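**Student:**
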Amino acid sequence: MGLIYHYFKCNFCNEENRIKITEDDRGALQMKKGNEIPYTCSKCHKKDKIHINKIRATPYMNVFIFVSLICILASIIMILFFGLLAAFSFGIPMLFFLYQQGQAKNFNSYKIKTK
Numbered sequence: 000m001g002l003i004y005h006y007f008k009c010n011f012c013n014e015e016n017r018i019k020i021t022e023d024d025r026g027a028l029q030m031k032k033g034n035e036i037p038y039t040c041s042k043c044h045k046k047d048k049i050h051i052n053k054i055r056a057t058p059y060m061n062v063f064i065f066v067s068l069i070c071i072l073a074s075i076i077m078i079l080f081f082g083l084l085a086a087f088s089f090g091i092p093m094l095f096f097l098y099q100q101g102q103a104k105n106f107n108s109y110k111i112k113t114k
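According to numbering that gives the first Met the number 0, the sequence shown holds residues 0 to 114 in order.
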């Protein structure tokens with residue numbers, strides 16, 4: 000599982016569909032898959048193709064929540080042994096979130112030129 004997920008809206012029912020993409024940007028995605036990716040909608044089950052510029056990326060909030068919980072537990076344990084040094088572990092979830100936001104922003108900002 001990556002730190003961001005990719006989604007698009009179905010051309011027929013306008014329902015959000017998730018798609019698995021391992022590439023970091025649309026340029027690499029275009030080189031691997033081409034300008035359009037075939038899909039089957041998860042709601043209306045119609046088949047169509049979606050242009051890669053219509054695919055959006057957003058961070059997984061589950062990753063942020065999981066990292067936050069781990070850091071809270073680690074902070075409680077570290078307070079017992081190290082005192083104020085544990086305050087630094089509260090910044091770790093924010094670093095993960097900022098990294099996820101950066102990945103999503105990089106994917107969303109790069110557009111493929113259409114003819």
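Note that beta-carbon positions come from the ideal geometry of N, C-alpha and C, so glycine has one too. In this text the structure is predicted, and so the values were computed from the model without any measurement.
Pair every Cβ in the region 63-70 with every Cβ in the region 103-111, then say whether three or more of these pairs are closer than 8 angstroms.
**Tutor:** no
**Student:** Let me know if residue 25 comes out buried or exposed under the rule of 16 or more other beta-carbons within 10 Å of its beta-carbon.
**Tutor:** buried
**Student:** Just to check my reading of the structure: residue 2 and residue 98 have Cβ atoms closer than 8 angstroms, yes? What is that Cβ distance to the nearest angstrom?
**Tutor:** In this structure residue 2 touches residue 98 by the C-beta definition: roughly 7 angstroms separates them, less than 8 angstroms.
**Student:** What distance in whole Å lies between the Cβ atoms of residue 16 and residue 4, which are believed to be in contact at a cut-off of 8 angstroms?
**Tutor:** Wrong, their Cβ atoms sit about 11 angstroms apart, outside the cutoff.
**Student:** Applying the 10 Å Cβ sphere with the 16-neighbour rule, what's the burial state of residue 75?
**Tutor:** So residue 75 ends up on the exposed side.
**Student:** Out of 66, 107, 78, 113, point me to the one whose CA is closest to residue 91's CA.
**Tutor:** 66
**Student:** For the region 63-114, which segments carrying the alpha helix (DSSP H) assignment without a break, of at least 4 residues, lie completely within its bounds, in sequence order?
**Tutor:** Inside the region 63-114, DSSP marks whole alpha helix (DSSP H) runs of 4 or more residues at positions 90-108, from first to last along the chain.
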